[in-house]
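Engineer: In this note's numbering, the protein residues as written are 48 to 181.
#1: If I measure Cβ to Cβ from residue 158 and keep anything under 7 Å in the same chain, skipping five residues before and after, which residues do I get?
#2: Could you name the residues of the same chain whose beta carbon sits closer than 6 Å to that of residue 86, not counting the 5 residues immediately before and after it, in chain order?
#3: Which first and last residues belong to the alpha helix (DSSP H) in which residue 172 is found?
#4: In this structure, how does DSSP classify residue 78 when only helix, strand and coil are distinguished?
#5: Throw me the rounded Cβ distance for the residue 152 and residue 129 pair, which I believe falls under 8 Å.
#6: Taking the alpha-carbon positions, what's the residue 64 to residue 146 distance?
#7: Where DSSP assigns a beta bridge to residue 164, which residues make up the other side?
#8: Would you kindly work out how many angstroms separate the C-alpha atoms of residue 155 and residue 55, rounded to a whole number?
#9: For the beta strand (DSSP E) that contains residue 94, what are its first and last residues?
#10: For residue 177 and residue 137, I'd like the C-alpha separation in whole angstroms.
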């Protein structure tokens, strides 16, 4: 083969590899951006509602709330057991659990970083969730 043909074939292969990488990254981002809010019947695993969050403004708001979540330190810890009435699945590894009667605390889980525990609820998160489930 001529050098020109080999060069064109190499360029075509390189372009196909780049397109494959971009498509893979795009599909990964879409799966991790699936945000859902599930409401359970108190004290059971029976689902009452499941809401998918698709609005970009809602995703940005929730993202700001998630950034503020962190488990309480031992000195901040309170003796509180929360019933999972609301579960927010933020992405593939972050989950927030809320009891509707408790406006100050929630349960935060980040399996990617192996972080979990009771957390102070960021100001506005409770009201945002309440608005979404109504």
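Where is the CB? At the ideal position from N, CA and C, for every residue including glycine.
Structural biologist: Inspection of the coordinates gives the following:
#1: The beta carbon of residue 158 sits closer than 7 Å to those of 140, all from its chain and outside the five residues before and after it, given in chain order.
#2: 95, 96, 133 and 180
#3: 172-180
#4: Residue confidence for residue 78 is low, a pLDDT of 42 falling below 50, so the modelled location carries little weight and cannot support an answer.
#5: 7 Å
#6: 48 Å
#7: When DSSP reads this structure, residue 164 sits in a beta bridge with 155.
#8: 53 Å
#9: 94-100
#10: Whole-angstrom Cα-Cα distance: 16 Å.
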